[in-house]
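Under the working numbering, residues 14 to 324 are what the sequence shown spells out, in order. Glycine included, C-beta positions come from ideal geometry on N, C-alpha and C.
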Amino acid sequence: MALSKAHLLSGSTPPLPPGPPYACAALHSWSDGGFWMPPGDARLADLHDGGPSPSAPLDNLEGLVRAWSDHPEWLDFLDPSAPNHADKMLERAVYAHHWQKYLPEAGRMLDLGGGCGRFAVWLLDQGLDVEVVDPDLRSLWRTLKHATGRAGRLDLHWTTGEHLPDLEPVDAVLAAEVLCYVEDPARVLENARRTLKPGGRLLCSVESRWGWASAPDAHPGTLDALLTDGLVHVPNDVWVRTFTEESLRELLADWTLEQLVPTHYIPSGPFAAVAGDLDLEGVLAYEERLRANPVTRPLNRAWMAVARKPV
Ligand SMILES: C[S@@+](CC[C@H](N)C(=O)[O-])C[C@H]1O[C@@H](n2cnc3c(N)ncnc32)[C@H](O)[C@@H]1O
Numbered sequence: 014m015a016l017s018k019a020h021l022l023s024g025s026t027p028p029l030p031p032g033p034p035y036a037c038a039a040l041h042s043w044s045d046g047g048f049w050m051p052p053g054d055a056r057l058a059d060l061h062d063g064g065p066s067p068s069a070p071l072d073n074l075e076g077l078v079r080a081w082s083d084h085p086e087w088l089d090f091l092d093p094s095a096p097n098h099a100d101k102m103l104e105r106a107v108y109a110h111h112w113q114k115y116l117p118e119a120g121r122m123l124d125l126g127g128g129c130g131r132f133a134v135w136l137l138d139q140g141l142d143v144e145v146v147d148p149d150l151r152s153l154w155r156t157l158k159h160a161t162g163r164a165g166r167l168d169l170h171w172t173t174g175e176h177l178p179d180l181e182p183v184d185a186v187l188a189a190e191v192l193c194y195v196e197d198p199a200r201v202l203e204n205a206r207r208t209l210k211p212g213g214r215l216l217c218s219v220e221s222r223w224g225w226a227s228a229p230d231a232h233p234g235t236l237d238a239l240l241t242d243g244l245v246h247v248p249n250d251v252w253v254r255t256f257t258e259e260s261l262r263e264l265l266a267d268w269t270l271e272q273l274v275p276t277h278y279i280p281s282g283p284f285a286a287v288a289g290d291l292d293l294e295g296v297l298a299y300e301e302r303l304r305a306n307p308v309t310r311p312l313n314r315a316w317m318a319v320a321r322k323p324v
């Protein structure tokens with residue numbers, strides 16, 4: 014469901030500005046605190062209240078709900094006081110370096126699995142309109158808070174990629190670090206494709222198998238999964254499908270692939286500790302060298318891809 018069906022959790026619910034989507038400049042009365050809307054995927058309501066997840070891939074959401082209560086400061090990382098704010102912004106700058114040229118100059122985008130709005134605010138600042146979909150309602154609250162007052166227009170949808178809302182076709186879809194957390198990425202991609210205009214682009218990234226295994230936040234006890242099907246499951250906490258170049262190419266086989274870049278060797282990747290503090294220029298220079306070296310090339314933490322929906 015969308016903001017038009019939402020009500021604030023405390024106080025009276027103010028009217029929305031004309032839309033959807035809604036001008037971020039006019040959303041101030043919505044931006045503090047939480048709101049509720051009927052979930053577009055029926056599995057989400059229980060999870061929001063801390064209930065058990067109905068399937069292993071939704072364990073990520075169970076983990077997220079717990080994390081919002083235990084250490085929210087790490088999750089709301091667009092807040093400049095968050096301990097990981099600088100790292101997350103540096104990561105986004107790496108993505109922007111590779112993706113900026115593929116964005117539409119104007120129009121509407123779907124930010125699928127948008128989280129707390131890291132990419133939504135980047136798109137809004139460029140005057141684009143953004144439809145954010147995420148199964149974690151608390152993340153949507155933060156997206157609204159951080160989007161308020163910016164350029165562009167916004168709508169929020171509390172649902173999953175498996176149950177995408179029926180949207181007017183969008184000019185591009187962004188799914189950063191999302192397809193690796195969904196149960197059936199082919200189905201989610203098919204839904205995204207239906208939502209895209211012909212010739213529209215998908216910009217996506219996924220966790221990569223060997224970089225994930227050697228990254229600072231890899232989970233103990235998951236080596237067996239990495240040596241077999243690459244499906245990492247930490248019950249009630251984390252579920253990740255790690256990708257190889259072949260498995261990502263296979264997933265995107267029906268699309269016209271325009272970019273496939275191994276990335277994140279340094280931000281959140283296996284070389285973070287040895288790289289030390291770097292600015293964007295320093296990170297990009299090292300990433301280039303790590304990609305060029307045949308030993309380090311397969312140790313990327315993530316894959317970044319851009320693909321076009323065939324006309
Ligand atoms: C690693 S975060 C990435 C968030 C954001 N794209 C970013 O890069 O900052 C993964 C996001 O995927 C969302 N997610 C998990 N399962 C999903 C599903 N089935 N459909 C859509 N999004 C999902 C999570 O709620 C979370 O916000």
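In the three-state reduction of the DSSP assignment, D83 falls in the helix class, which pools H, G and I.
Contact between V251 and N73 holds, with the beta-carbon distance rounding to 6 Å and staying under 8 Å. For A285, the closest of T172, H84, C129 and G224 by C-alpha to C-alpha distance is G224.
Proximity of the region 172-179 to the region 52-70 meets the contact definition, three or more beta-carbon pairs being nearer than 8 Å. Judged by DSSP secondary structure, G212 falls within the beta strand (DSSP E) whose first and last residues are L209 to E220.
Cβ contact annotation for A231 (same chain, cutoff 8 Å, sequence separation greater than five): W225, in chain order. Relative to E190, the option among T241, P198 and D184 whose CA is nearest is P198.
In this structure, the C-beta of R131 approaches ligand 1 to less than 7 Å from one of its heavy atoms. A205 is positioned such that its CB atom lies closer than 8 Å to that of V186.
Residue pairing for V107: DSSP places it in no beta bridge. Setting aside the 5 residues that flank it on each side, L88 is surrounded in the same chain by A80, W81 and C129, each with a C-beta closer than 7 Å to its C-beta; the list follows chain order. For the 8 Å CB-CB criterion, L137 and V146 do not form a contact. Secondary structure at W316: strand, using DSSP grouped into helix, strand and coil. The three-state secondary structure of R200, taken from DSSP, is helix. Counting the other CB atoms within 10 Å of its CB gives V201 a total of 16 or more, which places it among the buried residues.
The closest CA to that of V247, considering only G234, T255 and W43, is found on G234. Across the structure, L303 and P67 are spaced so that their CA atoms are roughly 40 Å apart. Taking C-beta separations shorter than 6 Å and ignoring five residues to either side along the sequence, the partners of Y194 in its chain run N73, following chain order. In the DSSP assignment, R166 is bridged to A36.
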